[in-house]
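Worksheet: the structure to be examined is printed underneath.
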Amino acid sequence: MDLISFMDLGKEEIERYLEDARKMEEQLKEGKVKKHDGIVATLFFEPSTRTKLSFQSASHRLGLDVIDFSAERSSIKKGESFEDTIRMIDNYADVLVIRHPEEGSAELAAKYAESPVINAGDGSNQHPSQTLLDLYAIKKMKGKIEGLEVHLVGDLKYARVMRPLMYGLAMFGAKVKLASPTGLGMPKEAIEEAKEKYGAEIEETTKIDFSTADVAYVCRVQEERFANKSEAEEAKKGYTIKPGYLEAAKEGMILLHPLPKRDEIPPEVAASPQARYLEQARCGVPVRMAIIKKILEGRK
Amino acid sequence: MDLISFMDLGKEEIERYLEDARKMEEQLKEGKVKKHDGIVATLFFEPSTRTKLSFQSASHRLGLDVIDFSAERSSIKKGESFEDTIRMIDNYADVLVIRHPEEGSAELAAKYAESPVINAGDGSNQHPSQTLLDLYAIKKMKGKIEGLEVHLVGDLKYARVMRPLMYGLAMFGAKVKLASPTGLGMPKEAIEEAKEKYGAEIEETTKIDFSTADVAYVCRVQEERFANKSEAEEAKKGYTIKPGYLEAAKEGMILLHPLPKRDEIPPEVAASPQARYLEQARCGVPVRMAIIKKILEGRK
Amino acid sequence: MDLISFMDLGKEEIERYLEDARKMEEQLKEGKVKKHDGIVATLFFEPSTRTKLSFQSASHRLGLDVIDFSAERSSIKKGESFEDTIRMIDNYADVLVIRHPEEGSAELAAKYAESPVINAGDGSNQHPSQTLLDLYAIKKMKGKIEGLEVHLVGDLKYARVMRPLMYGLAMFGAKVKLASPTGLGMPKEAIEEAKEKYGAEIEETTKIDFSTADVAYVCRVQEERFANKSEAEEAKKGYTIKPGYLEAAKEGMILLHPLPKRDEIPPEVAASPQARYLEQARCGVPVRMAIIKKILEGRK
């Protein structure tokens with residue numbers, strides 16, 4: 048009963064998560080969340096304040112206690128192995144939420160731990176609660192996912208959120224448009240797989256044009272990904288969301304972002320009514336509550 | 048329903064806080080505190096262990112959960128804006144307690160957050176829960192505030208606690224004597240305002256003389272405030288509380304300090320029965336409980 | 048009602064702790080732990096993740112809230128005295144759990160604090176909850192302590208755990224064999240005292256030979272303890288547990304370690320069925336629950 052990869056989830060399971068999260072949001076509003084007993088451990092081997100606090104808040108909302116392990120202040124420095132660290136914390140908690148810079152680390156942790164493990168980001172690989180909250184936010188704000196046109200914009204090669212989101216959108220019948228700088232495109236085999244598996248319509252481009260988009264999901268293009276500085280500068284400039292992009296966008300389009308954002312969203316764009324990523328982020332708590340609740344119940 | 052500045056509070060409101068804190072202290076003693084449901088976030092953009100733990104303890108005593116954000120370990124490093132950070136944590140908690148080195152930051156946070164904000168110190172500006180606990184401690188130890196002579200001693204220009212405390216004392220009818228090194232006096236307009244508004248008796252001096260004092264409230268003089276070292280040394284020496292000062296003090300005088308203290312309170316003075324700042328600090332929990340409780344109730 | 052040193056405990060008191068821990072483990076398994084009300088403060092003046100999280104987990108299992116103070120992020124930097132820090136936190140919690148690099152610090156803290164203090168390690172002196180959990184683990188895994196032959200292996204001079212463990216084993220009628228490199232042996236007077244007081248059989252050696260051992264309790268030999276490098280290397284090599292040691296061991300022997308471990312336990316040994324230190328570590332939570340519960344009840 049771990050949650051390691053979005054790719055492990057079937058459509059029905061995802062639908063149940065989205066429905067459970069909806070109920071959680073309702074219960075939160077009414078102050079009627081059922082309280083549970085147990086301890087959630089947040090294990091962060093790299094900093095990610097937003098994700099950590101979101102999981103901690105979700106845990107507390109469910110009545111659970113939290114213990115926190117941050118690698119900087121741990122005996123990893125004294126040379127303890129990853130395995131021993133996981134096994135140690137496994138003794139102290141009922142659910143482990145793990146963030147780690149290396150791909151595959153969450154799966155490895157799940158192998159060592161008897162308690163269920165939730166992957167809160169393993170390198171550029173997976174971050175399943177983020178993908179679930181993205182789908183939840185889109186469904187909540189647009190009423191559905193099927194039939195929408197969703198643009199994924201920015202670094203589609205390295206950004207952890209983009210690949211599973213493309214799969215999720217394809218699975219639920221959205222049309223996907225991928226806009227990225229040359230060299231930072233979505234891996235071809237991922238596109239092919241999503242097309243084949245779900246019969247999805249997926250298109251690639253290097254130009255941002257929101258005139259047919261229902262949702263624009265933007266992430267940052269990092270300079271470090273480019274060999275030379277001028278190329279990097281041009282790519283960054285091209286993938287900054289300009290106010291004109293929004294003016295030319297389809298009516299009712301919403302702009303999402305996994306956050307934290309930087310200069311890819313300039314102040315004028317941040318102030319526009321299309322910018323809905325703060326509302327999107329707010330979905331993190333009920334979605335993570337639904338995940339923790341299901342995992343705690345599956346434990347028995 | 049934020050608490051940003053002591054200056055925003057009316058006399059009646061302050062009296063209600065002091066009375067609520069008294070009840071809290073009673074309930075703590077009897078183990079009968081009513082438990083609440085919710086999450087308090089402590090946001091510390093500069094370290095202040097005492098204030099943070101005091102708020103966390105008050106929250107737990109009320110049955111609330113706590114999540115903590117410390118700027119050193121946050122995505123502020125990754126370049127996220129203050130606004131985005133506040134809006135993020137606003138999603139995860141019901142009350143935000145914020146400490147920040149810059150004046151005005153708490154007010155700004157209150158603008159961004161939907162949850163109520165408590166200012167736990169913004170630069171050299173305000174720290175309203177400290178002022179309330181100081182008034183509470185004085186009232187508790189001396190039985191009243193009206194008619195007392197209170198000496199405020201040390202750096203009255205930069206020390207955040209001193210100016211609002213002078214107002215509070217003036218408002219409640221105490222006589223205030225201000226003793227500070229040359230150049231570190233209370234701003235003239237603050238004195239004038241307190242005199243006019245409350246008809247208060249306020250006197251200035253550069254000499255410490257506790258012979259008529261009911262309360263001596265001391266804070267540190269920092270060397271960094273002086274242009275040359277010899278001047279700094281002299282001021283520091285003059286504003287160290289010598290045992291002789293206490294011997295010559297009015298009978299029953301109490302010595303208070305916002306803590307942490309350093310060499311301005313030498314060991315002999317710390318050991319004297321007049322030194323009551325630990326008892327004063329203990330008032331922090333019930334006072335902060337009263338503040339959080341009122342704010343949580345005002346939320347609805 | 049502090050718990051500062053294992054040496055302060057009588058045999059009956061220790062037996063009661065072991066019995067209470069057994070009950071706690073049972074209640075944990077059945078999900079029937081009685082919840083308490085209160086705040087535990089963990090004060091760590093040096094990092095020790097395992098001990099800290101173990102105490103925090105035990106506190107939460109008992110329904111208690113936790114506040115944490117880590118010296119690196121405290122006003123100790125601003126020059127506050129140890130006394131003031133202890134007195135401050137004493138105001139905010141009902142039990143203080145303190146870890147400090149200096150011997151005697153926990154006893155000093157207990158002098159300053161009104162709340163009960165649990166010593167979670169003071170330099171190379173005492174760490175009573177570790178000794179209790181070691182005895183509990185041995186009793187649990189071997190069914191008894193009396194009549195067992197227990198080998199204490201490694202640095203017996205500086206390792207905090209070893210000396211009180213020897214006393215505890217002697218007190219409960221185990222035979223103790225001490226194996227350490229030359230210069231890192233158990234202090235003579237400690238051996239003499241344990242022999243006299245408990246009529247214990249205690250033997251010293253520099254050779255590891257597990258052929259008669261029921262329990263081997265190993266800790267690390269630190270290079271820093273030696274004057275020259277080659278001597279250090281040889282000692283380290285000699286006190287690495289080789290697979291052959293286990294093959295030649297008495298049937299049913301268990302290998303324990305206070306953790307974190309390093310290269311003194313090579314991977315083949317870690318994978319052997321004799322290696323039971325993870326199960327040993329798991330005893331930390333019920334033992335610490337028993338300690339905190341007793342202390343909370345003694346408070347009244």
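Chains as they are written, first to last, in the working numbering: chain A, 48 to 347; chain B, 48 to 347; chain C, 48 to 347. For glycine and all other residues, C-beta sits at the position ideal for the given N, C-alpha and C. Keep in mind the model is a prediction, meaning the values are calculated, not measured.
Under 8 Å by Cβ, that's how I've got residue i and residue j pegged, so tell me the actual separation to the nearest angstrom.
i         : j         : result
C:Met-300 : C:Asp-256 : No, C:Met-300 and C:Asp-256 are not in contact; Cβ-Cβ is about 12 Å, not under 8 Å.
C:Thr-89  : C:Asp-115 : 5 Å
A:Glu-251 : A:Gly-232 : 6 Å
B:Leu-100 : C:Tyr-139 : 5 Å
A:Lys-297 : A:Ser-258 : 6 Å
A:Met-54  : A:Pro-211 : 7 Å
B:Ala-221 : B:Val-197 : 5 Å
B:Pro-333 : B:Ala-167 : At roughly 16 Å, the Cβ-Cβ gap does not stay under 8 Å, so B:Pro-333 and B:Ala-167 are not in contact.
A:Ser-52  : A:Phe-91  : That pair is no contact at about 19 Å.
Going by DSSP, what residue range makes up the beta strand (DSSP E) through residue i?
i         : result
A:Thr-89  : 86 to 91
B:Val-268 : It is not in any beta strand (DSSP E) - B:Val-268 carries neither H nor E in the DSSP assignment.
B:His-174 : Element bounds for B:His-174: n/a, residue is neither H nor E.
C:Leu-303 : 301 to 303
B:Leu-225 : 222 to 226
A:Ser-117 : 112 to 117
Measure the C-alpha to C-alpha separation of residue i and residue j and round it to an integer number of angstroms.
i         : j         : result
A:Ala-105 : A:Cys-330 : 11 Å
A:Leu-50  : C:Ser-171 : 42 Å
C:Ala-153 : B:Ala-160 : 42 Å
B:Gln-74  : B:Lys-187 : 16 Å
B:Lys-81  : C:Leu-111 : 16 Å
B:Arg-134 : B:Lys-254 : 48 Å
A:Gly-78  : A:Glu-72  : 10 Å
B:Gly-190 : B:Ala-184 : 9 Å
B:Tyr-64  : B:Val-164 : 17 Å
A:Gln-321 : B:Glu-149 : 32 Å
B:Thr-229 : B:Val-200 : 12 Å
C:Leu-216 : C:Ile-192 : 7 Å
A:Asn-275 : A:Ala-282 : 11 Å
C:Glu-311 : C:Ala-156 : 34 Å
A:Ile-86  : A:Phe-102 : 12 Å
C:Glu-271 : B:Gln-173 : 50 Å
C:Ala-237 : C:Leu-325 : 29 Å
B:Thr-98  : B:Phe-273 : 27 Å
C:Glu-130 : B:Arg-146 : 25 Å
C:Pro-234 : C:Lys-244 : 16 Å
C:Lys-341 : B:Asp-141 : 35 Å
B:Gly-194 : B:Gln-327 : 20 Å
C:Glu-294 : A:Asp-169 : 39 Å
What in chain A is Cβ-close to residue i, meaning under 9 Å?
i         : result
B:Met-135 : Thr-96, Arg-97, Leu-100, Ser-101, Leu-306, Pro-307, Leu-325, Ala-328
C:Val-332 : Asn-138, Tyr-139
Can you tell me where the alpha helix (DSSP H) with residue i in it begins and where it stops?
i         : result
C:Glu-294 : 290 to 294
B:Leu-356 : Shown here, chain B extends from 48 to 347; a query on residue 356 of chain B therefore has no answer.
A:Ile-192 : First-last for A:Ile-192: undefined, no H or E at that position.
B:Gly-215 : 209 to 218
A:Lys-276 : 276 to 285
B:Thr-132 : 129 to 137
B:Val-316 : 314 to 317
C:Glu-243 : 235 to 245
C:Leu-325 : 324 to 329
A:Ser-106 : 96 to 108
C:Leu-231 : First-last for C:Leu-231: undefined, no H or E at that position.
Interface residues of chain B around residue i at Cβ under 9 Å?
i         : result
C:Ala-160 : Those within 9 Å of C:Ala-160 in chain B number zero; the least Cβ separation is about 11 Å.
Residues of chain B with a CB under 8 Å from the CB of residue i: which are they?
i        : result
C:Ile-86 : Ser-104, His-107, Arg-108
Using a Cβ cut-off of 7 Å, pull out every chain A residue sitting near residue i, in sequence order please.
i         : result
B:Phe-129 : Near B:Phe-129 there are no residues of chain A at all, since even the closest Cβ is about 12 Å away, more than 7 Å.
I want to verify the contact list: residues of chain B whose CB lies under 7 Å from the CB of residue i, in sequence order.
i         : result
C:Asp-112 : His-107
Starting from residue i, find everything on chain C with Cβ-Cβ shorter than 8 Å and list it in chain order.
i         : result
A:Phe-116 : Thr-96, Leu-100
Pairs of beta-carbons, one from the stretch 281 to 298 of chain B and one from the stretch 311 to 321 of chain B, closer than 8 Å: are there three or more? As far as the Cβ criterion goes, the stretch 281 to 298 of chain B touches the stretch 311 to 321 of chain B, which means the pair count is three or higher.
Would you call the stretch 259 to 278 of chain C and the stretch 199 to 213 of chain C in contact, with 3 or more CB pairs under 8 Å? Contact between the stretch 259 to 278 of chain C and the stretch 199 to 213 of chain C is present: 3 or more CB-CB pairs across the two stretches fall below 8 Å.
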